[in-house]
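Novice: In terms of this note's numbering, the sequence shown opens at residue 686 and continues consecutively.
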Amino acid sequence: FGIAVDRDNNVLVVDSRNNRVQQFTATGKFTLALGRVGVDLGQFSNPAGVAVDGRGAISVADVSNARIQRFTLSRKAAE
Numbered sequence: 686f687g688i689a690v691d692r693d694n695n696v697l698v699v700d701s702r703n704n705r706v707q708q709f710t711a712t713g714k715f716t717l718a719l720g721r722v723g724v725d726l727g728q729f730s731n732p733a734g735v736a737v738d739g740r741g742a743i744s745v746a747d748v749s750n751a752r753i754q755r756f757t758l759s760r761k762a763a764e
């Protein structure tokens, strides 16, 4: 799905139209945007889903680029 909650209770929301993932605090304050349109690492084309694993890594389904991108807590593309 396009929404996930990380281990710090931040809410991650896929913004497909703007090719990014936005992060908000539990109270709704915007804190971070991951990605922009493109084909390189850290860029998206029609992201559709987001998940967070137990270690805090963020995985994003990058549909039109036919890949899953993983981000560490340092917010850099890992693969």
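Quick reminder that beta carbons are idealized off the backbone N, C-alpha and C, glycines included.
Quick one, are the C-beta atoms of Ser701 and Asn750 less than 7 Å apart?
Specialist: Counting from one through the sequence shown, the residue named residue 701 turns up at place 16. Counting from one through the sequence shown, the residue named residue 750 turns up at place 65. Cβ distance not < 7 Å, so Ser701 and Asn750 don't count as in contact.
Novice: If we call anything under 7 Å between Cβ atoms a contact, is Val735 one with Val690?
Specialist: For the purposes of this step, residue 735 is taken as residue 50 along the sequence shown, with counting starting at 1. For the purposes of this step, residue 690 is taken as residue 5 along the sequence shown, with counting starting at 1. No, these two residues do not count as a Cβ contact at 7 Å.
Novice: Output yes or no for whether 7 Å exceeds the beta carbon distance between Phe709 and Gly720.
Specialist: Taking the sequence shown and counting its residues from 1, the one referred to as residue 709 is at position 24. Taking the sequence shown and counting its residues from 1, the one referred to as residue 720 is at position 35. No. Outside cutoff.
Novice: For the beta strand (DSSP E) holding Arg752, just list the boundary residues, first then last.
Specialist: For the purposes of this step, residue 752 is identified with residue 67 of the sequence shown, where counting begins at 1. Here the beta strand (DSSP E) through Arg752 covers Arg752 to Phe756.
Novice: Distance, Cα to Cα, Asn703 vs Gly723?
Specialist: By one-based count along the sequence shown, residue 703 stands at place 18. By one-based count along the sequence shown, residue 723 stands at place 38. Cα to Cα, the separation comes out at about 11 Å.
Novice: Taking Phe715 as the reference, which of Ala746, Ala733, Ile753 and Val696 has the closest Cα?
Specialist: Mapped onto the sequence shown, residue 715 falls at position 30. Nearest C-alpha to Phe715: Val696.
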